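>
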Amino acid sequence: MRSKFFALFLAVTVPLSLVGCNGDETAGDPASPDTVEAPAEQPTADAPPAPDEMPEAAETPSDVGEWFTYEPPDGRYEIKFPNEPLEQNQSIPVNETEEIQLSLAIYEDTNQGRAYMSGANPIPLPEGASFDVEQGLDGGRDNAAASTNSDVESEESINIEGLPGRTIVMRNPEGVRFKLMMLADSENAVLYQLLVGAQDGNVDFPEAETFFDSFNLSQS
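Residue numbers are given in our numbering: position 5 of the sequence shown equals residue 517, and the series is strictly consecutive.
1) Of all the options Gly-651, Arg-588, Gly-587, Lys-592, which has the alpha carbon lying nearest to the alpha carbon of Phe-580?
2) To the nearest angstrom, how far is it from the Cα of Gln-705 to the Cα of Ala-696?
3) Please report the distance separating the alpha-carbon of Glu-719 from that of Met-693.
4) Output the residue ranges of the alpha helix (DSSP H) runs that lie fully inside the region 587-648 and measure 4 residues or longer, sorted by chain position.
5) Let me confirm a value: Ser-630 is counted as buried when at least 16 other C-beta atoms fall within 10 Å, else exposed. Which label applies?
6) State the Cα-Cα distance for the pair Glu-668 and Thr-609, rounded to the nearest angstrom.
7) Just verifying my parser: in three-state terms, what is the DSSP assignment at Glu-578?
8) For Asp-644, count neighbouring Cβ atoms within 10 angstroms of its own Cβ and tell me buried if that reaches 16, exposed if not.
9) Output yes or no for whether 8 Å exceeds the beta carbon distance between Ile-618 and Pro-634.
10) Go to Asp-697, then tell me how far its beta strand (DSSP E) extends in each direction, as first and last residue.
11) Taking only the alpha-carbon atoms, compute the straight-line gap between Asp-621 and Gly-640 and give it to the nearest angstrom.
12) For a quick check, are the C-beta atoms of Ser-662 and Arg-678 less than 8 Å apart?
13) Is it true that the region 719-729 meets the region 584-604, where meeting means three or more beta-carbon pairs spaced less than 8 Å apart?
14) In whole angstroms, what is the alpha-carbon distance linking Pro-676 and Ala-632?
15) With a CB to CB cut of under 7 Å and the five nearest residues on each side skipped, what residues in its chain are close to Asp-712?
16) Check Gly-652 in the structure and name its three-state DSSP category.
17) Spell out the partners DSSP gives Val-664 in its beta bridges.
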């Protein structure tokens, strides 16, 4: 698993072309005046180049207290990685004049053939519209599966810290499996995404559970 692959995966998971929103505007469907549909296609960002060096793989600490606590530049959340992740910042074009800023964190444990990622994706909405949670989660799932050429094996609805979301397990033809946790903050129009991947197909290893369980929203 290369860092470029995982950076591409999280970037295209942003469901810019599939996010729904509810508002007073219409998008060409007179039968649904209260629904705003996103355009069929949006500009997509090129995958960020893989960095020359990822953080040096080290043995995963047995004590979670020794894990690295990561907080993105916008301070939206905290999460623990086995070791210090690499942070990548991207500008994702939304249309000809607008873009959003995406910060993602990646740590690859090359010794174990595993990877961990986290990101908080702001969703651009038309004025007066609101984020359609279920359509946004559907879009995130579909983009993730398509971008990794994976089949969805299981999907479960969750609610963490008051945010609705999904836990999704996928497998690609090479037998790599991914476990994706998405949480939708409709009030602030943000989609949180946490990911683990495993070359051996085992995404239920103890460190993955520690990673997911360590996620905390920052208090505003």
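Ideal Cβ positions, reconstructed from N, Cα and C, are used throughout, including at glycine. Please read all numbers here as calculations on a predicted model, not as lab measurements.
With the given structure in hand:
1) Lys-592
2) 9 Å
3) 15 Å
4) none
5) buried
6) 37 Å
7) helix
8) buried
9) no
10) 689-697
11) 44 Å
12) no
13) yes
14) 15 Å
15) Gly-625
16) helix
17) Met-682
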